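Residue numbers (the UniProt record's numbering): 1 to 333. A virtual CB, placed ideally from N, CA and C, is assigned to each residue, including glycine. Keep in mind that this is a model prediction, so the values were computed, not measured. To start, the structure under review is shown below, and the notes come after it.
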């Protein structure tokens with residue numbers, strides 16, 4: 001059993017209470033900037049100590065229930081406490097991740113420090129869930145949890161709008177139509193396409209979309225009793241699980257390799273359309289202007305290239321099964 005003693009953790013850096021001005025924000029940012037960053041090896045070492053601490057705490061509960069020896073209890077307590085210190089260190093070393101992400105989300109309705117507090121909850125959750133055996137970089141894994149926690153916190157604080165059942169049904173039907181069209185077309189449907197599929201006018205589609213964006217969160221109560229929420233009724237097909245996000249980065253690397261096997265023009269079109277290099281998908285119009293072709297020709301070459309990439313004999317298992325390219329962006333109508 002490893003009995004190596006570790007120095008006591010430095011004082012925990014907590015975000016200051018909100019509404020104390022920019023000076024406290026600057027002080028907090030200065031404090032976390034002084035915390036040393038970790039190497040990948042150090043992250044793994046801390047994760048192992050955290051894992052050992054969690055296991056020791058579990059054994060400690062069973063040990064106390066069984067009335068075990070004090071000597072064994074002391075050893076387990078030591079390991080559990082060391083795991084907690086490792087957890088604190090991994091959290092502290094990554095607080096600047098939260099600080100940087102919070103700047104992108106701070107709004108008039110939610111102060112920067114409030115956003116930081118929400119993001120820190122996500123960071124803590126990431127530390128607790130991190131599996132070092134997968135070989136993933138912790139910052140990539142943690143960023144998903146940080147963003148999710150921030151968005152959830154902002155949604156909970158958003159102004160609640162109670163919607164009539166009729167409008168809820170219309171929004172739900174429109175969302176399902178949009179999901180089905182996106183899957184069938186391989187791109188974002190236009191307003192006219194949505195209207196035709198949903199059996200409503202284009203003006204009604206625009207009206208419902210506007211309604212859905214007026215301070216409407218997934219936690220907004222709907223209906224007469226308010227028991228259900230918008231999130232319960234509309235499937236969120238764009239949210240990935242944390243491990244899926246990490247897996248996607250690996251898959252994206254392999255996709256880029258495959259795309260590079262295409263003729264240069266087709267390779268460029270797919271790279272632009274799906275944002276393989278920049279992470280920002282481009283519209284057909286933008287790609288057409290970039291490569292000097294008509295939009296119809298761009299669509300034709302895109303479909304041709306995708307057909308080649310989906311050939312199992314060409315790409316093997318990489319794009320088979322559940323893996324799909326993300327839907328490209330389409331210019332709003």
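Could you give the first and the last residue of the continuous alpha helix (DSSP H) run that contains residue i?
i	result
residue 36	Segment: none, residue 36 is in no alpha helix (DSSP H) and carries neither H nor E.
residue 119	112 to 129
residue 192	191 to 198
residue 267	264 to 274
residue 72	70 to 93
residue 305	295 to 309
residue 286	284 to 291
Would you tell me roughly how many angstroms separate the C-alpha atoms of residue i and residue j, rounded to the nearest one?
i	j	result
residue 129	residue 141	9 Å
residue 319	residue 132	Below a pLDDT of 50, predicted positions are generally treated as unreliable, and residue 319, at 42, falls in that range; no measurement from the model is reported.
residue 181	residue 153	31 Å
residue 243	residue 148	Note that residue 243 scores 39 on pLDDT, short of 50, meaning its location in the model is unreliable; the coordinates nonetheless yield the value given after this. Going by the C-alpha atoms only, they are around 13 Å apart.
residue 303	residue 295	12 Å
residue 49	residue 80	9 Å
residue 202	residue 178	13 Å
residue 25	residue 93	18 Å
residue 41	residue 139	13 Å
residue 62	residue 257	51 Å
residue 287	residue 301	11 Å
residue 215	residue 110	Because the pLDDT of residue 215 is 38, which lies under 50, any placement of that residue in the model is unreliable, and the number read from its coordinates should be weighed accordingly. Those two C-alpha atoms are separated by around 13 Å.
residue 172	residue 31	46 Å
residue 166	residue 210	16 Å
residue 335	residue 134	This structure cannot speak to residue 335, because the chain is shown only from 1 to 333.
residue 196	residue 285	23 Å
residue 69	residue 38	38 Å
residue 297	residue 271	16 Å
residue 144	residue 206	31 Å
residue 51	residue 186	42 Å
residue 137	residue 299	36 Å
residue 176	residue 27	47 Å
residue 275	residue 184	20 Å
residue 3	residue 56	Note that residue 3 scores 49 on pLDDT, short of 50, meaning its location in the model is unreliable; the coordinates nonetheless yield the value given after this. When rounded, the distance between both Cα atoms is 13 Å.
residue 261	residue 255	10 Å
residue 117	residue 33	17 Å
residue 200	residue 168	15 Å
residue 204	residue 29	47 Å
Return the Cβ separation of residue i and residue j in integer angstroms, given the expectation that the two are a contact with Cβ distance under 8 Å.
i	j	result
residue 273	residue 281	6 Å
residue 98	residue 146	6 Å
residue 59	residue 77	At roughly 10 Å, the Cβ-Cβ gap does not stay under 8 Å, so residue 59 and residue 77 are not in contact.
residue 170	residue 194	Wrong, their Cβ atoms sit about 12 Å apart, outside the cutoff.
residue 102	residue 112	6 Å
residue 53	residue 82	6 Å
Report the residue from the options whose alpha carbon sits nearest the alpha carbon of residue i.
i	options	result
residue 91	268, 126, 151	126
residue 293	310, 303, 269	269
residue 35	95, 267, 59	95
residue 266	285, 286, 308	308
residue 310	52, 40, 259	259
residue 104	306, 264, 150	150
residue 174	186, 187, 191	191
residue 263	54, 306, 206	306
residue 155	69, 29, 106	106
residue 188	27, 283, 56	283
Under 8 Å, Cβ to Cβ, is there at least one residue of chain D near residue i?
i	result
residue 167	Looking for chain D here will not work: only one protein chain is present.
Using only the heavy atoms of the ligand COA, determine whether one of them is closer than 7 Å to the beta carbon of residue i.
i	result
residue 202	This structure does not include the ligand COA; it has no bound ligands of any sort.
Is the region 69 to 77 touching the region 113 to 131, taking contact as three or more C-beta pairs under 8 Å? no
Flag this pair as touching only if the region 44 to 56 and the region 83 to 93 have three or more C-beta atom pairs under 8 Å; answer yes or no. yes
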